[in-house]
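In mature numbering (1 follows the signal peptide of the UniProt record, and there is no 0), the protein residues as written are -20 to -1, 1 to 271.
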């Protein structure tokens, strides 16, 4: 009988403890989500205080952590001064014991100083995850995880890492006459400009792939016996641009050949080419075309 009583006591104690822990974490999650909604979406930065945060609140960052209410507040003030039209959404949140995990999305326009970065007027839309530790009902530690390369790319500070490969593939497709693949790399509203003074610049700007193929590619094919791109070198630039330096090795059907130094400036967005600008010695092209 004593053993049964002891067993029941253990079960009841365990059940009571589990219930209390569940109740506490649900309370913590409710407070946590409301506080961050107020801070980011409503701009109530003063909610970072000892009512909701531990005195030694710590943001795990590199190269060193942010520790303490005032430094933690100053850190997140950058988001409020750096971005306008902000929408911060907690997509999912769950917890156990003293730990909370949140999956979030941040949208905004970079219109102010952000950690010393001047406004770029770029829109950002980034997902991330935050690991949280609670202490006696207060937020005591946070660590954010997000794709910083995507974030910086959206700000226009670094280029999307696949841009070089996109342009390289385009040149390779052009070399073998695979024009459908060339056009597939272009945005439906691509803005294409031939160099001023080039005879094909009469249609500038060409808007959309159909305009490019009819106004430029078809005319090159009709006018030339051959048209080759040689010595192509690709240079990654900021703001999602790629500079290509190369040479045109070509021959008009009037039997006049030319070899000209060229530069192509490509602008991309989300892996698609949205703009093209050609730079070339147009006199050399014109002399060969009109002899």
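Beta carbons: idealized from backbone N, C-alpha and C, even for Gly. Nothing here was measured: the structure is a model prediction, and the numbers come from that model.
Terminal residues of the continuous beta strand (DSSP E) containing residue i?
i, result
"residue 62", "That residue, residue 62, is in no beta strand (DSSP E); its alpha helix (DSSP H) goes 49 to 62."
Let me know the secondary structure DSSP gives residue i once reduced to three states.
i, result
"residue 82", "strand"
"residue 95", "coil"
"residue 217", "strand"
"residue -6", "Only weak support exists for where residue -6 lies, its pLDDT of 47 falling under 50; the coordinates are left without a value."
"residue 110", "strand"
"residue 7", "helix"
"residue 115", "strand"
"residue 44", "coil"
"residue -1", "Bear in mind that a pLDDT of 46 at residue -1, under 50, signals an unreliable position, so the model cannot answer this."
"residue 17", "helix"
"residue 101", "coil"
Since residue i and residue j are thought to touch, with beta carbons under 8 Å apart, how far apart are those beta carbons, to the nearest angstrom?
i, j, result
"residue 129", "residue 252", "Actually they are not in contact, since the Cβ atoms of residue 129 and residue 252 sit about 18 Å apart, beyond 8 Å."
"residue 82", "residue 104", "18 Å between Cβ atoms; not a contact."
"residue 187", "residue 171", "6 Å"
"residue 78", "residue 113", "6 Å"
"residue 9", "residue 73", "6 Å"
"residue 5", "residue 75", "5 Å"
"residue 68", "residue 84", "7 Å"
Which residues share a DSSP beta bridge with residue i?
i, result
"residue 246", "222, 256"
"residue 69", "85"
"residue 227", "210, 241"
"residue 12", "Paired residues: none, contrary to the question."
"residue 75", "80"
"residue 28", "Paired residue(s): none; residue 28 is not in a bridge."
"residue 124", "110"
Return the first residue and the last residue of the alpha helix (DSSP H) that residue i is part of.
i, result
"residue 131", "128 to 134"
"residue 33", "No alpha helix (DSSP H) contains residue 33, which is instead part of the beta strand (DSSP E) from 33 to 39."
"residue 335", "An answer regarding residue 335 cannot be provided, because it is not within the stretch -20 to 271 covered by the chain."
"residue 262", "262 to 270"
Between residue i and chain B, is any beta-carbon pair separated by less than 9 Å?
i, result
"residue 16", "Reference to chain B is not applicable here, since this structure consists of a single protein chain."
Whole runs of the beta strand (DSSP E) within the segment 135 to 200, excluding any shorter than 3 residues: 166 to 173
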